[in-house]
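The structure appears below as structure tokens.
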DNA sequence: CGTCATCTTGAGGAGTGTCAATAACTGTGG
DNA sequence: CCACAGTTATTGACACTCCTCAAGATGACG
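Right under this line is the structure:
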């Protein structure tokens, strides 16, 4: 029980708050355990809570009338759920949330968030930062989808994975299924599979769920240099710092 | 001069502030006039200001290495520029901004925004609301692009146009070029032109820049019913309220 | 009236989704 | 421990949509 709250405590929305304040805030939260494939809520449900992921992986997805589903986000501990919905004044959920593996979240009433953003200026600012970042990422993603090839999309995604999960690019195991990754990238699994061949030209090899990113320069020249973010790409900067200079 | 500030005054970021407070805030702003096709800033420029559009139309765009440009937003009076960039802690502009027609903006130093979000809780909250909304819209757009046909995308866009510009759907003139619209929708002009034929099946006719949306039920059945937002679509609700019940 | 940008239309090709069949993997219960 | 079911992954064939290149047509404007 305690561990879960500790994870939530380090969520960026509490940045700049004192330990005492965090503890006060967290005691209003309710721990919820989710089994693999269990839904936290469904698209259309009434929107009553704000969540912080404590453990596991939560998939945020939307299913359209054809039964096709698209993954909007793959969330990990310290990430928050529904912040933007709540401030965009929705009364029902705009998407569904399901546990990819056994997971834990901490749940707060919608009002808790609204009141505490007023009470603690820091929380409002932290949320602003986090939502602004998400908004920027959404726009960048839209553009990636429009201007980059599928192989480039996947290569970019794999680099992000290494950073987020602290994986060694020279050899790591995918943290979740290719199906989920494809859905996150907005492509079909078949296309994903087929693109793996082309990925080898970039020095990226995938055998089953085992991935090897061979040459950083190749990937940089073929992928990052074609991205409109270019120099300002925080991902690229972090990646170089972490894996090339060490 | 005064008129321009009056427009900015009604920007949603000032919601809930007193007239006196707004006036105080606005006096720090500098009016800037832009001629048609004049750039406000370029992608890569250092990020120093926050802007509110006072008159005209501002195109937010990004150009990638191939020389291809994508329009991220088309902004009109009361809209803000760079709020999300500033809170995502960028130090250079992630996109360019150019005047589509003769326009006016009011400009504030970056610090002005940061300090006043701390000073006025309302501004932080309003920005939160506005950025949360933009973030949601970006995700919805990404999904539209993935799941809807080009004809449906255009039809949806035209409906939005009617609402934003208060145009009569039964006969109106496009407020800007098809080239700009195509770029905003992430398609080529040629594809746009060709799709106009298919649009007639939905009861949408376009001759030059003259548009007629004939039948609301047809468009609703063919476009909105296939959208994943469905019932919760604020656009659709507003549209029905405004044009079908009057 | 001529110039320039915008728009339309045509032909060809690249890339992705769809349907279908097969293979590899996961987990469950006997 | 194995057999089985269900999911996930790979591969092939085909159709469709959109982009690209190219040429003309229309429109705006000095």
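Residue numbers (the numbering used here), protein chains in the order written: chain A, 126 to 371; chain B, 126 to 371.
Note that the Cβ used here is the ideal one computed from N, Cα and C, for glycine as well.
query: Taking residue 134 of chain B as the reference, which of B/326, B/167, B/179, B/275 has the closest Cα?
result: Of the residues B/326, B/167, B/179, B/275, the one whose Cα lies closest to the Cα of residue 134 of chain B is B/179.
task: Identify every run of the alpha helix (DSSP H) within the segment 257-338 of chain A, keeping only runs that are complete inside it and at least 4 residues long; order them along the chain.
output: Runs found: 275-290, 303-310, 314-325.
query: Taking C-alpha atoms, which residue in B/222, B/212, B/358, B/338 lies nearest to residue 378 of chain A?
result: Lying before the first or after the last residue shown, residue 378 of chain A is absent from chain A, which here runs from 126 to 371.
field: alpha helix (DSSP H) runs wholly inside the segment 189-239 of chain B, at least 4 long, in chain order
entry: Taken in chain order, the unbroken stretches of alpha helix (DSSP H) that lie wholly in the segment 189-239 of chain B and span 4 residues or more are 208-212.
- prompt: Contact check, residue 310 of chain A vs residue 279 of chain A under 8 angstroms by CB: the rounded distance?
  reply: That pair is a contact at about 7 angstroms.
query: At least one CB of chain B closer than 8 angstroms to the CB of residue 187 of chain A: is that the case?
result: Any Cβ of chain B closer than 8 angstroms to the Cβ of residue 187 of chain A would place that residue at the interface, and such an atom is present.
query: Would you report the Cα separation of residue 156 of chain B and residue 223 of chain B, rounded to the nearest angstrom?
result: In a straight line, the C-alpha of residue 156 of chain B is about 16 angstroms away from that of residue 223 of chain B.
query: Assuming residue 187 of chain B contacts residue 268 of chain A under a Cβ cut-off of 8 angstroms, what Cβ separation, rounded to an integer in Å, is found between them?
result: Indeed they touch by this definition, with Cβ atoms about 6 angstroms apart.
query: Taking one C-beta from the segment 214-234 of chain B and one from the segment 157-177 of chain B each time, how about it: are there three or more such pairs within less than 8 angstroms?
result: Below 8 angstroms, enough C-beta pairs join the segment 214-234 of chain B and the segment 157-177 of chain B to call them touching: three or more.
Distance between residue 261 of chain A and residue 365 of chain A (C-alpha atoms, nearest Å): The alpha-carbon of residue 365 of chain A is positioned some 22 angstroms away from that of residue 261 of chain A.
message: For chain A, check one thing: does any of its Cβ atoms lie closer than 8 angstroms to the Cβ of residue 353 of chain B?
response: Chain A, which has a Cβ nearer than 8 angstroms to the Cβ of residue 353 of chain B, makes this yes.
- prompt: Name the chain A residues whose beta carbon is nearer than 8 angstroms to that of residue 253 of chain B?
  reply: Near residue 253 of chain B (Cβ distances below 8 angstroms), the residues of chain A are 212, 242, 249, 252, 253, 256.
- prompt: Identify the residues that DSSP records as bridge partners of residue 159 of chain A: which are they?
  reply: A/228, per the DSSP bridge assignment.
- request: State buried or exposed for residue 138 of chain A, treating a residue as buried only when at least 16 other CB atoms are found within 10 Å of its CB.
  value: Buried, by the Cβ-count rule.
- prompt: On the three-state DSSP scale, how would you describe residue 352 of chain A?
  reply: Looking at residue 352 of chain A - three-state DSSP - the assignment turns out to be coil, as it is neither helix nor strand.
message: Between residue 423 of chain A and chain B, is any beta-carbon pair separated by less than 8 angstroms?
response: Here chain A comprises residues numbered 126 to 371, so residue 423 of chain A is not present and cannot be evaluated.
query: With DSSP run on the structure shown, which of helix, strand or coil describes residue 129 of chain A?
result: Residue state, collapsed to three classes: helix.
Cβ neighbours of residue 204 of chain A in the same chain (closer than 6 angstroms, five flanking residues each side left out): 178.
task: Answer yes or no: the CB of residue 260 of chain A versus the heavy atoms of the ligand MN, is any distance below 7 angstroms?
output: The ligand MN is not part of this structure, which contains no ligands at all.
task: Thinking residue 329 of chain A and residue 338 of chain A are a contact (beta carbons under 8 angstroms), I'd like their distance in whole angstroms, please.
output: Correct: roughly 5 angstroms between the Cβ atoms.
- prompt: What residues from chain B crowd round residue 284 of chain A, counting only those whose CB sits closer than 9 angstroms?
  reply: Within chain B, no residue comes near residue 284 of chain A; the closest Cβ sits about 19 angstroms away, beyond 9 angstroms.
field: Buried or exposed by the 16-neighbour rule on C-beta atoms within 10 Å, applied to residue 126 of chain B
entry: Summary for residue 126 of chain B: the model assigns pLDDT 48, below 50, so the residue's position carries little reliability, and this model does not support an answer.
message: Helix, strand or coil, according to DSSP, for residue 136 of chain A in the structure here?
response: Note: residue 136 of chain A maps to coil in three-state DSSP.
task: Quickly, what does DSSP pair residue 183 of chain A with across the bridge? List them, please.
output: Checking the DSSP bridge columns, you'll see residue 183 of chain A partnered with A/200, A/224.
message: Going by the DSSP bridge assignment, what does residue 176 of chain B pair with across the sheet?
response: Beta-bridge annotation (DSSP): residue 176 of chain B is paired with B/206, B/232.
Rounded C-alpha distance that separates residue 200 of chain A from residue 183 of chain A: Near 5 angstroms, if we compare the C-alpha coordinates of residue 183 of chain A and residue 200 of chain A.
- prompt: Any Cβ of chain B within less than 8 angstroms of the Cβ of residue 357 of chain A?
  reply: Yes, its Cβ sits closer than 8 angstroms to a Cβ of chain B.
Length of the line joining the Cα atoms of residue 326 of chain B and residue 363 of chain B: Each residue's Cα considered, the two are about 23 angstroms apart.
- request: Can you have a look at residue 306 of chain A and say buried or exposed, based on whether 16 or more other CB atoms are within 10 angstroms of its CB?
  value: It is buried - the Cβ of residue 306 of chain A has at least 16 other Cβ atoms within 10 Å.
query: Under 8 angstroms between the Cβ atoms of residue 304 of chain A and residue 226 of chain A?
result: For residue 304 of chain A and residue 226 of chain A, no; Cβs fall outside 8 angstroms.
Those residues which DSSP pairs with residue 82 of chain B across a bridge: Coverage of chain B is limited to positions 126 through 371, which leaves residue 82 of chain B absent and any answer about it impossible.
- request: Answer yes or no: does any C-beta atom of chain A fall closer than 8 angstroms to that of residue 190 of chain B?
  value: Taking Cβ atoms only, chain A reaches closer than 8 angstroms to residue 190 of chain B, which makes this a yes.
query: Taking the DSSP output, what are the residues bridged to residue 368 of chain B?
result: For residue 368 of chain B, which the question treats as bridged, DSSP gives no partner whatsoever.
- prompt: Quick one: does residue 246 of chain A have its CB under 8 angstroms from some CB of chain B?
  reply: For residue 246 of chain A, the answer is yes, since a Cβ of chain B falls inside 8 angstroms of its Cβ.
query: My guess is that residue 171 of chain A and residue 242 of chain A are in contact by the Cβ rule of under 8 angstroms, so how many angstroms apart are they, rounded?
result: The beta-carbon distance between residue 171 of chain A and residue 242 of chain A, rounded to whole angstroms, is 21 angstroms. This is too long to meet the 8 angstroms contact definition.
field: chain A residues whose Cβ lies nearer than 8 angstroms to that of residue 157 of chain B
entry: Here the premise fails: no neighbours, minimum Cβ distance about 24 angstroms.
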